[in-house]
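**Student:** Numbering (my numbering), first residue to last: 450 to 736. My questions will all concern the structure given below.
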Ligand code: NAP
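And the structure:
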C-alpha cells in the first residue's frame, strides 16, 4: 500500500498561522472579512459556503453570505460586487460556482476587484498565476503543490503528467508546475491513451471530475499521485478521479476526502489575509 498523503497536518499548520495573524490584525484594529456570493440551485456550493462560514468562525475571520434566488439577474449580482469592492470592511470576495445557466460566471468574476479576488479568478490574477508576478493565485492548485512538498516531494526536474486543463484547477496548475521546474505533459478529453502518459510520469495530478478515471492498470509502483477531483459516489459519499484501489499500486497518493480539498479551504483563508495585506499596503508573503 502506498503512503496516503493526508492534508490535515498541513491544513492545521496553515490554520494556526492564520489564527496568529488574525490576532495581529486585531491588535491593529483590523478584522479580515470574506464575502461569499451564492446563487441558489446547487446543493454542493451551498454546502461549501457553509463549510467556509464554519472555518471563518473558528479563525476569527468575519464572514458575509450574500444569497440570491435561482432566478437572480446578472445586474443585481454586479451591483452587489460593486458595493463589496468599495466596502473597506470587506477584504475578500468569492463567487460560488456553478451558477444557473442564464448567468455568466466569467462576466461576474471579472467585476471583482483583483485585490479582493481571493479565488484568483479575475484576468489580473489569472495572468499573475501564469507569470508568477504579484497577485492572488487560486487555492486548489496551490494546495496540490503544497501537499506534495509537505511529504518531501520536489517537482524540480520531474516528469509530471497533469490530467485536466480546466480553468479552476488544471490550467493554473500547469503554469505553477512549470515555475516549480517540472517537465509537464497535459492530458485532456481528447488524449487517446492516458495510461501511456502516466507510465512515463514520476508525479501525476488528476483534475477532471470523473470518478474512477484513473485505474490500477494505468499506474506503476514508483508513481506519486495527487487527486484534486471531487465527485459524488453512488452512495452519496465524495470520491476523487482516481479509483480507490490505485493506492495499493503506487508510492504515494492523496486521499479524497481529506486531501487537496481540505488544504484548499485553508489556503483560501490564507488568500483572504493576502488580500487584506494588499489593501493595507503590506509586504507580500510567499505563496
Ligand atoms: P473542468 O473545467 O470541467 O475541466 C475538466 C478537465 O478534465 C478538462 O480539461 C477536460 O478536458 C478534462 N477531461 C474531461 N474528460 C476527460 C477524460 N476522459 N480524460 C482526460 N481528461 C478529461 O474542471 P475544473 O473546474 O478544473 O475541476 C476539475 C476537478 O477538480 C472537478 O472534479 C472539481 O470538482 C474539482 N475541484 C476540486 C477542488 C478542491 O478543492 N479539491 C476545487 C475546485 C475544483 P477538455 O479541456 O478537453 O474539455
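We treat Cβ as the ideally placed atom computed from N, Cα and C, and that holds for glycine.
State buried or exposed for residue 719, treating a residue as buried only when at least 16 other CB atoms are found within 10 Å of its CB.
**Tutor:** Residue numbering aside, residue 719 sits at position 270 when the chain shown is read from its first letter. Buried is the call here.
**Student:** Using alpha carbons as the reference points, say which of 582, 552 and 472 lies closest to residue 522.
**Tutor:** On the chain shown, position 73 is the one that residue 522 refers to. When each option's Cα is compared against that of residue 522, the closest is 552.
**Student:** Given this structure, state the Cα-to-Cα distance separating residue 672 from residue 646, to the nearest angstrom.
**Tutor:** Position 223 of the chain shown, counting from 1, holds the residue named residue 672. Position 197 of the chain shown, counting from 1, holds the residue named residue 646. Residue 672 and residue 646: Cα-Cα distance of roughly 12 Å.
**Student:** Between the C-alpha atoms of residue 464 and residue 472, what's the straight-line distance to the nearest angstrom?
**Tutor:** Here residue 464 refers to the residue found at position 15 of the chain shown. Here residue 472 refers to the residue found at position 23 of the chain shown. Residue 464 and residue 472: Cα-Cα distance of roughly 12 Å.
**Student:** Report yes if the C-beta distance between residue 517 and residue 526 is below 8 Å; otherwise report no.
**Tutor:** Position 68 of the chain shown holds residue 517. Position 77 of the chain shown holds residue 526. In this structure, residue 526 lies closer than 8 Å to residue 517 by Cβ.
**Student:** Give a single yes or no on whether residue 685 has its beta carbon closer than 7 Å to a heavy atom of ligand 1.
**Tutor:** If you number the chain shown from 1, residue 685 lands on position 236. No, Cβ of residue 685 sits at least 7 Å from all heavy atoms of ligand 1.
**Student:** Less than 7 Å between C-beta atoms, sequence neighbours within five positions excluded: which residues of the same chain meet that for residue 508?
**Tutor:** Sequence index remark: in the chain shown, residue 508 carries index 59 (1-based). Contacts found: 464, 467, 468, 471 and 718.
**Student:** Between residue 638 and ligand 1, is there a pair consisting of the residue's CB and a ligand heavy atom that are separated by less than 7 Å?
**Tutor:** Indexing the chain shown from 1 puts residue 638 at position 189. Because some heavy atom of ligand 1 lies under 7 Å away, the Cβ of residue 638 counts as near it: yes.
**Student:** Hey, could you find the ends of the alpha helix (DSSP H) residue 737 is sitting in?
**Tutor:** Past the boundaries of the shown model lies residue 737; the chain is included only from 450 to 736, so the question cannot be answered.
**Student:** Buried or exposed: which applies to residue 453, given that a residue is buried once 16 or more other Cβ atoms fall within 10 Å of its Cβ?
**Tutor:** Walking along the chain shown from the start, residue 453 turns up at place 4. Classification of residue 453: exposed, given that the 10 Å Cβ count is below 16.
**Student:** Going along the chain, which unbroken runs of the beta strand (DSSP E) with 3 or more residues stay wholly within the region 519 to 601?
**Tutor:** Here the runs fully enclosed are 541 to 544.
**Student:** What residue range is occupied by the uninterrupted alpha helix (DSSP H) comprising residue 646?
**Tutor:** Position 197 of the chain shown, counted from the first residue, corresponds to residue 646. Residue 646 -> alpha helix (DSSP H) spans 643 to 648.
**Student:** Would you list the one or two residues that DSSP bridges to residue 452?
**Tutor:** The sequence position of residue 452 within the chain shown is 3, counting from 1. Paired residues: 701.
**Student:** How would you call residue 722, buried or exposed, if buried means at least 16 neighbouring beta carbons within 10 angstroms?
**Tutor:** Within the chain shown, numbered from 1, the residue matching residue 722 stands at position 273. With 16 or more Cβ atoms within 10 Å of its Cβ, residue 722 is classed as buried.
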